[in-house]
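The sequence shown begins at 11 in our numbering and counts up by one.
Think of the CB as a built atom: it goes at the ideal place given N, C-alpha and C, for glycine as much as any other residue.
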Amino acid sequence: TNISDPTLTNWTKSLLNPLITYPNGRDPSIAFQDTENNYYLIYGYGTEELGGQAVLFTSKDFLNWTYLHPIHSNQYDKFWECPDIFNITNR
């Protein structure tokens with residue numbers, strides 16, 4: 011997007027799409043930036059074998075994302091929809 015556009019109506023699709031290619035997932039949440047300029051994003055995921063999961067990714071530039079690990083999972087659901095993550099404190 012053009013950040014000088016106050017209505018955010020002019021968008022350019024990144025040539026890097028899809029930015030996250032982790033299999034069988036969707037609904038990435040809003041990412042946050044830590045004090046060391048790392049961005050974090052949580053992603054809904056699941057399989058029959060593993061159950062539902064919320065998996066964590068990190069990025070330095072908001073374009074190239076690296077899978078870190080699941081932050082929570084359970085065997086009761088096959089897939090997690092719309093997980094969310096946010097920074098509660100500045101620690």
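Query raised in the report: Who are T57's beta bridge partners in DSSP?
Result: G61
Query raised in the report: For S39, which beta-bridge partners are listed by DSSP?
Result: According to DSSP, S39 bridges with nothing at all.
Query raised in the report: Who are the Cβ neighbours of Y32 in its own chain at under 8 Å, not counting the five residues just before and after it?
Result: Y53, Y55, V65, F67 and Y77
Report task. Under 6 Å Cβ to Cβ from S69, same chain only, skipping five residues before and after it: list those, please. Result -> Y49 and W75
Report task. Just tell me which of I40, N27, D44 and D37 has its CA closest to the CA of T99. Result -> D44
Report task. Check each candidate in A41, E59, I30 and S14 and name the one with the smallest Cα separation from P88. Result -> Correcting the residue identity first, residue 88 is Lys in this sequence and not Pro. Of A41, E59, I30 and S14, the residue nearest in Cα terms is E59.
Query raised in the report: What does a CB cutoff of less than 7 Å around S39 pick up in its chain, not counting 5 residues either side in sequence?
Result: L51, I52, P93, D94 and I95
**Report entry** Separation of L25 from P16, as counted between CA atoms
**Finding:** 24 Å
Query - Residue from D71, D37, L29 and N20 with nearest C-alpha to W90 - result: D37
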